[in-house]
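>
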Amino acid sequence: MSEAAQITDVHEDRIIVSLRDVHRDYPLGAERVHALQGVSLDVERGDYVAIVGPSGCGKSTLLNLIGVIDQPTSGTVEIGGKRVDDMSDWEATSFRLHNIGFVFQRFYLMPILTAMENVALPMAEAGLPREEQRARAAELLAYVGLSNRERHRPSQLSGGEQQRVAIARALANRPALILADEPTGELDAHTGAEIISLFKRLNADGATIVVVTHDEDLATAAKRKIHMRDGKIVDGQL
Amino acid sequence: MLLDMVMLATGMRESFRELLLSRGFDIRLAPKGTLPFDTDATIPNVDAITRVLRTNPDIREISPVLGASIHIPVGARDVSGTVLGIDPAVQGDYEFLSGRDVTTPESMVANDNLIRQLHARIGDTLSVATGYDPQTRTYSGQKKLVLTGRVRFIYGAADQLSAAMRRETLERMVQGREDRASLFMIRVRSGADPDRVREWIETYIPTVSAISVATAIAQVDQRLSYFRQLSIILGSVSLLVGFLLVTTLVTVSVNERAGEIAVMRAIGVSRTHVVQQIVTEGVVISVVGALLGLGLGLETARYLNDILSTFPGLPMAIDFFLFQPMAAWSALALLIASGIGAGIYPAWRAASLPISETLRREAIA
Numbered sequence: 136m137s138e139a140a141q142i143t144d145v146h147e148d149r150i151i152v153s154l155r156d157v158h159r160d161y162p163l164g165a166e167r168v169h170a171l172q173g174v175s176l177d178v179e180r181g182d183y184v185a186i187v188g189p190s191g192c193g194k195s196t197l198l199n200l201i202g203v204i205d206q207p208t209s210g211t212v213e214i215g216g217k218r219v220d221d222m223s224d225w226e227a228t229s230f231r232l233h234n235i236g237f238v239f240q241r242f243y244l245m246p247i248l249t250a251m252e253n254v255a256l257p258m259a260e261a262g263l264p265r266e267e268q269r270a271r272a273a274e275l276l277a278y279v280g281l282s283n284r285e286r287h288r289p290s291q292l293s294g295g296e297q298q299r300v301a302i303a304r305a306l307a308n309r310p311a312l313i314l315a316d317e318p319t320g321e322l323d324a325h326t327g328a329e330i331i332s333l334f335k336r337l338n339a340d341g342a343t344i345v346v347v348t349h350d351e352d353l354a355t356a357a358k359r360k361i362h363m364r365d366g367k368i369v370d371g372q373l
Numbered sequence: 117m118l119l120d121m122v123m124l125a126t127g128m129r130e131s132f133r134e135l136l137l138s139r140g141f142d143i144r145l146a147p148k149g150t151l152p153f154d155t156d157a158t159i160p161n162v163d164a165i166t167r168v169l170r171t172n173p174d175i176r177e178i179s180p181v182l183g184a185s186i187h188i189p190v191g192a193r194d195v196s197g198t199v200l201g202i203d204p205a206v207q208g209d210y211e212f213l214s215g216r217d218v219t220t221p222e223s224m225v226a227n228d229n230l231i232r233q234l235h236a237r238i239g240d241t242l243s244v245a246t247g248y249d250p251q252t253r254t255y256s257g258q259k260k261l262v263l264t265g266r267v268r269f270i271y272g273a274a275d276q277l278s279a280a281m282r283r284e285t286l287e288r289m290v291q292g293r294e295d296r297a298s299l300f301m302i303r304v305r306s307g308a309d310p311d312r313v314r315e316w317i318e319t320y321i322p323t324v325s326a327i328s329v330a331t332a333i334a335q336v337d338q339r340l341s342y343f344r345q346l347s348i349i350l351g352s353v354s355l356l357v358g359f360l361l362v363t364t365l366v367t368v369s370v371n372e373r374a375g376e377i378a379v380m381r382a383i384g385v386s387r388t389h390v391v392q393q394i395v396t397e398g399v400v401i402s403v404v405g406a407l408l409g410l411g412l413g414l415e416t417a418r419y420l421n422d423i424l425s426t427f428p429g430l431p432m433a434i435d436f437f438l439f440q441p442m443a444a445w446s447a448l449a450l451l452i453a454s455g456i457g458a459g460i461y462p463a464w465r466a467a468s469l470p471i472s473e474t475l476r477r478e479a480i481a
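Chains as they are written, first to last, in our numbering: chain R, 136 to 373; chain F, 117 to 481.
1. Using CA coordinates, which residue listed in F:457, F:292, F:354 and F:476 is at the minimum distance from residue 156 of chain F?
2. So, residue 186 of chain F versus residue 300 of chain F, is the Cβ gap smaller than 8 Å?
3. Tell me, please, whether the stretch 249 to 266 of chain F touches the stretch 223 to 239 of chain F by the rule of three or more beta-carbon pairs shorter than 8 Å.
4. In chain order, what residues of the stretch 380 to 395 of chain F put their CB closer than 9 Å to some CB of chain R?
5. So with Cβ pairs under 8 Å, would you call residue 375 of chain F a contact of chain R?
6. Listing by chain order, which chain A residues have their CB less than 9 Å from the CB of residue 476 of chain F?
7. Assuming contact is defined by CB atoms lying nearer than 8 Å, are residue 175 of chain R and residue 159 of chain R in contact in what I supplied?
8. Could you tell me which of R:266, R:263, R:187 and R:199 sits nearest to residue 313 of chain R, measuring between CA atoms?
9. Any beta carbon of chain R sitting closer than 8 Å to that of residue 369 of chain F?
10. Since residue 401 of chain F meets chain R, which of its residues come closer than 9 Å, beta carbon to beta carbon?
11. Residues of chain F with a CB under 8 Å from the CB of residue 304 of chain R: which are they?
12. Let me know the secondary structure DSSP gives residue 218 of chain F once reduced to three states.
13. Between the C-alpha atoms of residue 309 of chain R and residue 249 of chain R, what's the straight-line distance to the nearest angstrom?
14. Quick check on this structure: which residue in R:307, R:246 and R:242 has the alpha carbon closest to the alpha carbon of residue 296 of chain R?
15. By how many angstroms is the C-alpha of residue 411 of chain F removed from the C-alpha of residue 289 of chain F?
16. So which residues on chain R does residue 471 of chain F lean against when the C-beta distance must stay under 7 Å?
17. Look at the Cβ atom of residue 169 of chain F, then the Cβ atom of residue 175 of chain F, and state whether they are nearer than 8 Å.
18. Report the residues of the stretch 160 to 187 of chain R with a CB closer than 9 Å to any CB of chain F, ordered along the chain.
19. DSSP on residue 213 of chain R, reduced to helix/strand/coil?
20. In the structure shown, what three-state DSSP assignment does residue 235 of chain F receive?
21. In the DSSP assignment, what are the bridge partners of residue 241 of chain F?
22. The beta strand (DSSP E) spanning residue 335 of chain R covers which residue range?
23. Counting only Cβ pairs nearer than 8 Å, list the residues of chain F close to residue 228 of chain R.
24. Under a three-way DSSP split, which group does residue 158 of chain R fall into?
25. What does residue 257 of chain R reach in chain F if we use C-beta pairs closer than 7 Å?
26. Skipping 5 residues on each side, what residues in its chain have a beta carbon closer than 7 Å to that of residue 181 of chain R?
27. Let me make sure I understand the geometry here. Which of R:365, R:325 and R:363 has the alpha-carbon closest to that of residue 293 of chain R?
28. Flag this pair as yes or no: are the beta carbons of residue 202 of chain F and residue 280 of chain F separated by less than 8 Å?
29. With which residues is residue 347 of chain R paired in a DSSP beta bridge?
30. Please report the Cβ distance between residue 316 of chain R and residue 240 of chain R, rounded to the nearest whole angstrom; I am assuming they are in contact, meaning their Cβ atoms lie under 8 Å.
31. Cα-Cα, which of F:451, F:251, F:252 and F:166 is closest to residue 297 of chain F?
32. What whole-angstrom Cβ distance do residue 451 of chain F and residue 358 of chain F have, given they're in contact under 8 Å?
33. Quick one: using the 10 Å Cβ neighbour count with 16 as the cut-off for buried, is residue 252 of chain R buried or exposed?
34. Whether or not the stretch 202 to 213 of chain F and the stretch 332 to 339 of chain F are in contact is what I'm after, with contact meaning three or more pairs of Cβ atoms, one per stretch, closer than 8 Å; do they touch?
35. Helix, strand or coil for residue 210 of chain F per DSSP?
36. Can you tell me whether residue 472 of chain F is buried or exposed? The criterion is at least 16 other CB atoms within 10 Å of its CB, across all chains shown.
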């Protein structure tokens, strides 16, 4: 069994993300902002997709819909063959916990928890036994190269190390999908390159990754690049 | 402050109850319509009343006490104080400290305040009078008594100059006080109901007011209701201020960590757990505050108690602020409840944050 099988679950369906004619409007004062305008997108299992485009083009909105932390105004979103666009808050929370791993630009680790405890947090929420949590957290920290930082708190870690802890946390519950929003945005070029390398390794080990970025190097590292403008996919759509 | 106010609200009552029961006397008899030593009025026919009281099998001990003023010349100076005429075998007014009790009609015991004022020592013979005319500087009801012992008067005020002698000695020294008492103190038999005995006394001896511990406490409650009201108001204010403070602290903390909370929600932490965590924060802040405040509250209570205990006419043994574990637990329970209440609003707000909107705002910030 490859290392990838230990990181994420193996699924039979080829398409993991499927959006059809998705619109997302926001009220802005008396106006309505059309953040997404009829987006359709499929992402295959094991793919590594970079969504790029100018600020305000709807990249993060699209990622939020795929991550089930937002709902479309119209259209359908399926993740792993399951409709997620009309889930209740409780259903969506549980779905995210077990199926999606998030990596954010600002890491957002819990400052009072150690690296190991931060990684174990989603497993604790999922009700895994404590010993299992510790063993898997240690395994994931080793995977991202931080075995020697298990007991360090975020304030004792560099930005790159914090982002690697956040990636380990995203992998905690063996999610089918890893979503990253500007994961190199707060890092210098050298540290950013390390994170890019880690994402490539993750993907090579079988993880499906969708990343939103302005970082050309990160986008180039992806297997597939999707360009967005004015709430629409203008290039790279299947 | 909350602990102080809970101690104040319950302390006076409990302290007074302990004081009344400290010598085991359950009932006091005062002249009709008065409280013990509230006026100069006395109860006549002590012997007859004692005979009536002895007919009740529930009454175990009777201690008649006569109160008066005393004057003792010290050089050209007059030292005045109060004196109690008692029966040393059954008295419940003082604790014996040293020397010898009033075993003879010529002996007298005094508290340290009086002994100091008199510059006297145990064994000294003193010229004690029960009357003094400052115009003519003449004494009346004078008698030579030997100071035989040091005592501490249980119901005396802090600065009171007090002495005690046998009741028959004092009766002879005070004109018109033969066979009279200012107060009777009564012990009831173990298992007997003091209030039933009190009712029996008021029925058979209509010239006295019989006061049980319960009725005395009720009267004290009435007289000191101001303190209770004050403690309730100040306690409520301190609780409200604490509540608002904890709410503010938790709200500020939640606002500062809005992104962190949104990410917790994004990675699958349930609303319930977010609420639990933030409410716990409120409770922890309250409990830490309570523990820090405990020492300060006790020290403040001791300081205020020292001041209030010197109020004229109040027994020195009365504590306004009495530390009772139940009071401390009550204050802690109120604080925890307040902490939970204070955490609920910010917790609910945090758990209800729209995740994507919050993350977008945080990214822009």
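Each residue gets a CB set at the ideal place from its N, CA and C atoms; glycine is no exception.
If you're wondering where the values come from, they're calculated on a predicted model, not measured in any experiment.
According to the structure data:
1. F:292
2. no
3. Counting Cβ pairs under 8 Å, three or more are found: they touch.
4. 380, 381, 382, 383, 384, 385, 386, 387 and 389
5. Yes, its Cβ sits closer than 8 Å to a Cβ of chain R.
6. Absent from the structure: chain A. Protein chains present are R and F.
7. no
8. R:199
9. no
10. Those do not exist, as residue 401 of chain F stays about 14 Å from chain R at its closest Cβ, beyond 9 Å.
11. Chain-order list of chain F residues neighbouring residue 304 of chain R: 383, by C-beta distance under 8 Å.
12. coil
13. 21 Å
14. Comparing Cα positions, the closest option is R:242.
15. 52 Å
16. 204
17. yes
18. 161
19. When secondary structure is reduced to three states using DSSP, residue 213 of chain R falls in the strand class.
20. coil
21. As DSSP reads the structure, residue 241 of chain F sits in a beta bridge with F:262.
22. From DSSP, residue 335 of chain R is part of no beta strand (DSSP E) but of the alpha helix (DSSP H) over 324 to 339.
23. 381, 384, 385, 386 and 387
24. In the structure shown, residue 158 of chain R sits in a strand (DSSP, three-state: E or B).
25. 383 and 384
26. 341 and 343
27. R:325
28. yes
29. R:186 and R:316
30. Right, their Cβ atoms sit about 6 Å apart.
31. F:166
32. 7 Å
33. buried
34. no
35. strand
36. buried
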